[in-house]
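Number of protein chains: 2
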Amino acid sequence: MAPIKRPTIADIARRAGVSKGAVSYALNGQPGVSEATRARVLAIAAEIGWQPSLAARTLSGARAQAIGLVVCRPARFLGVEPFFMELISGIESELGSCALMLQTVPDHHAELEVYRRWWGEGRVDGVILVDLHADDVRVPALQELGLPAVVVGHPSVAGSLTSVWSDEVTAMRETTGYLIALGHRRIARVAGLPSLMHTVIRDRAFADACADLEHWTVHTDYTGEQGARATRRLLSSSARPTAILYDNDIMTVAGLSVAQEMGLPVPEELSLVAWDDSPLCQVVRPPLTAVSRDIPAFGAHAARRLLALVEGGPPGSFEVEAARLTPRGSTTRPA
Amino acid sequence: MAPIKRPTIADIARRAGVSKGAVSYALNGQPGVSEATRARVLAIAAEIGWQPSLAARTLSGARAQAIGLVVCRPARFLGVEPFFMELISGIESELGSCALMLQTVPDHHAELEVYRRWWGEGRVDGVILVDLHADDVRVPALQELGLPAVVVGHPSVAGSLTSVWSDEVTAMRETTGYLIALGHRRIARVAGLPSLMHTVIRDRAFADACADLEHWTVHTDYTGEQGARATRRLLSSSARPTAILYDNDIMTVAGLSVAQEMGLPVPEELSLVAWDDSPLCQVVRPPLTAVSRDIPAFGAHAARRLLALVEGGPPGSFEVEAARLTPRGSTTRPA
DNA sequence: CCACGGCACTGAACCGTATCAGTTCGCCGG
DNA sequence: CCGGCGAACTGATACGGTTCAGTGCCGTGG
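Residue numbers (UniProt numbering), protein chains in the order written: chain A, 1 to 335; chain B, 1 to 335.
Okay, structure coming up:
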């Protein structure tokens, strides 16, 4: 333990022969000091290795220079889905010296507690909200708290909060349209958690797009296990689907295994499409046709909006580039 | 913007008719106030929804109540490997009201900058270090800074920093021993980044265990792409290996695809073993034999040690349960 | 020559909490 | 009845910045 006392602006002031106030002005680029003094102060600050104390700054009304992200999913899902890490990396790319606080919680109640605590303690300036439900309790709670927040998801569930979203309806229409154009007439969808709003939106878009043909939707918890089971059930029916659209990549891989296990060659007898294009899609045989989104860009956009919001910018809803279909080897015309 | 001023201990003091000092004692469970007063103060605090200001606390010498984790790998790798999210979830399970700051950086230089800034700003009380190299510059730098740190990795690279590690040599010996016992005499290893210390340790253990047989080690960047390429090269040699041991699961899946592509049935003609057992290992066919570790427990242990260290506890090196082999369908005796 | 304006800077208050040195009690023992 | 002691509490100060109301000084225009 070398208790090297960190230098403060008082130290700088002493060495520069000016007052603390002058040093503060100099360091923050504010008017009120001559250029000569400013340069001298900056030189001394650099020389003695001065660093602003975040606590002191925050205490006198400045921003906490941190934003928060709370994730409400079991840890085992997080590891499997690249989505969150990619989103996080995108968020961070925009953050600069601002920091990211991360927390995982078991349920929305705990999540709200975290927001309350963070905001009450002045630990974050704003938060990014993911995995929204219909009538999500977090939205009104955050509105009431007055904590700046950006919803990653459709504006329809964001209330008056700022939202950043991509058009999944179009992406779903494009994907389904592609399968139909190939000749598929019996299409199934292995979806994620039915409580999530984006699942509802995709469900609806899928049902609309397949209105004229035979179609199924099965809900799962995103695990490979449930994806496999759903696939097995779908493929066991007498009039089995000729194409299946999954809500993530791990379930698609599981579905692929089930098809192989049941002796159904992919894509000849069964076409598969993954939603979200992770490296995993390209390492399996056949490589998976996938709906690709630029998730880091998504996160970056959300972060940018949140920072703007914190600075007093306008709320609103902002659309990013829609996902696009990347055809690979797991889809073809039905037998 | 409802600028609801947050209540402070001064507000409580006014309503309770005591001084700020007394309120502080009461709220912190310190002696110096009667039980009656303490109860009254606590009641008022709860009633008006008082929350301590972290900034103020930190300023008067308390802990920042946050620890940091900096990850120095490209974002695309992070998404693929469950390791980090699982580690993070384990860390958080021990954190309680302490927060986790997460940052990804491109290189070690930037990583050191982050540590310096965090520590200088008083933003974190300690950090967890991952992905250590031989002669890692971060170790002496952190020692010099005096920032409490826990190394997730072998004590030999941790210097005087506290380390939390598992015995990979034994795990490697067990795994290799299993393959040898099955009858394999030509074994290859598709390893990760050669600069990482745990790669070096596994390399060495692998070479030792295979000293009497034909063996190969190929280094990659952990991506499926390089895993596939390495596998292709290994399987193209005239005396190809009958078993391959990979350093992560995505490369193993890629290797499996390559084997299928080349018409080599797994496990009959080629046995495969993955290091780190993610759900992915169980959704492919055949399910992958894997070296399993309890990564969340690992993270939890590291967090616990770090918190203890921050509280003035002793440094040291602490071993957690070693990884164990989980045989599944991708290994059998060679043809 | 003086009034005024603006620049450069000072001194002090303030943010919310922790903590320490006192102060005021009441109580007990001698 | 008084001295001493400990419990309960007060008031002040520190923490490290930001910010605001002055203050002294210089230049300039009338």
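All C-beta atoms, glycine included, are put in the ideal place defined by N, C-alpha and C. Please read these numbers as outputs of a predicted model, since none were measured by experiment.
- Assigned with DSSP and collapsed to three states, E269/A falls in coil, not helix or strand.
- When DSSP states are grouped into helix, strand and coil, H133/A belongs to the strand group.
- The beta carbon of R305/B does not come within 8 angstroms of any beta carbon belonging to chain A, so the residue lies off that interface.
- Assignment of L245/B by DSSP, reduced to helix, strand and coil, places it in the strand class.
- For Q143/B, there is no enclosing beta strand (DSSP E); the enclosing alpha helix (DSSP H) covers residues 138-145.
- Interface annotation, T162/B: not in contact with chain A, CB-CB separation never under 8 angstroms.
- Chain order gives the chain A residues near G79/B as P82, M85, E86, S278, where near means a beta carbon separation below 7 angstroms.
- A302/B has its alpha-carbon roughly 37 angstroms from the corresponding atom of G32/B.
- DSSP places Q51/A in no alpha helix (DSSP H); its state is neither H nor E.
- Beta-bridge pairing by DSSP links L213/A to no other residue.
- When only Cα atoms are considered, F298/A and T170/B end up about 43 angstroms apart.
- If you look at R189/B, you'll find it in the beta strand (DSSP E) that goes 186-191.
- From the listed residues A55/A, L213/A, M85/A, S60/A, the smallest Cα separation to L59/B is found for A55/A.
- Between P194/B and W216/B a beta carbon distance of about 14 angstroms is seen, past the 8 angstroms cut, so the two are scored as non-contacting.
- For V273/A against L245/A, the beta-carbon gap comes to about 5 angstroms, under 8 angstroms, which counts as contact.
- Annotation for S292/B: the continuous beta strand (DSSP E) segment containing it runs 289-292.
- Taking 7 angstroms as the Cβ-Cβ cut-off, the UniProt domain "HTH lacI-type" (7-61) of chain A approaches chain B at Q51, P52, S53, L54, A55, A56, T58, L59, given in chain order.
- By the CB criterion at 8 angstroms, L42/A and A64/A fall outside the cutoff.
- Inclusion of E113/A and S53/B in the CB contact set at 8 angstroms is not warranted, their separation being larger than that value.
- Of E47/A, A46/A, V23/A, the smallest CA-CA separation from T37/A is found for V23/A.
- Counting C-beta pairs closer than 8 angstroms gives fewer than three between the region 198-214 of chain B and the region 257-268 of chain B, which falls short of the contact rule.
- Here the alpha carbons of L145/A and R116/A stand approximately 8 angstroms from one another.
- Taking a C-beta distance under 8 angstroms as the contact criterion, S271/B and T332/B qualify as a contact pair.
- Annotation: the continuous beta strand (DSSP E) that includes T326/A extends over 324-326.
- The region 155-187 of chain A is shown to contain whole alpha helix (DSSP H) runs of 4 or more residues at 168-182, in chain order.
- With respect to V130/B, A149/B sits apart: the two C-beta atoms are not nearer than 8 angstroms.
- Taking 7 angstroms as the Cβ-Cβ cut-off, the region 249-267 of chain B approaches chain A at I250, V253, A254, S257, Q260, E261, given in chain order.
- With a cutoff of 8 angstroms on beta-carbon distance, G153/B and H198/B are scored as near each other.
- Within the model, the alpha-carbon separation for L196/B versus R185/A is close to 51 angstroms.
- Contacts with chain A at 8 angstroms (Cβ-Cβ) include L102/B.
- In the three-state reduction of the DSSP assignment, S317/A falls in the strand class, which pools E and B.
- Taking the beta carbon of T242/A as reference, no residue of chain B falls within 7 angstroms; the closest one sits roughly 21 angstroms away.
- Look at R123/A: its C-beta is under 8 angstroms from a C-beta on chain B.
- For T223/B, the C-beta contacts it makes with chain A under 7 angstroms involve P279, in order along the chain.
- By the neighbour-count criterion, in which a residue is buried when 16 or more other Cβ atoms sit within 10 angstroms of its Cβ, D136/B is buried.
- The Cβ of A99/B sits closer than 8 angstroms to at least one Cβ of chain A.
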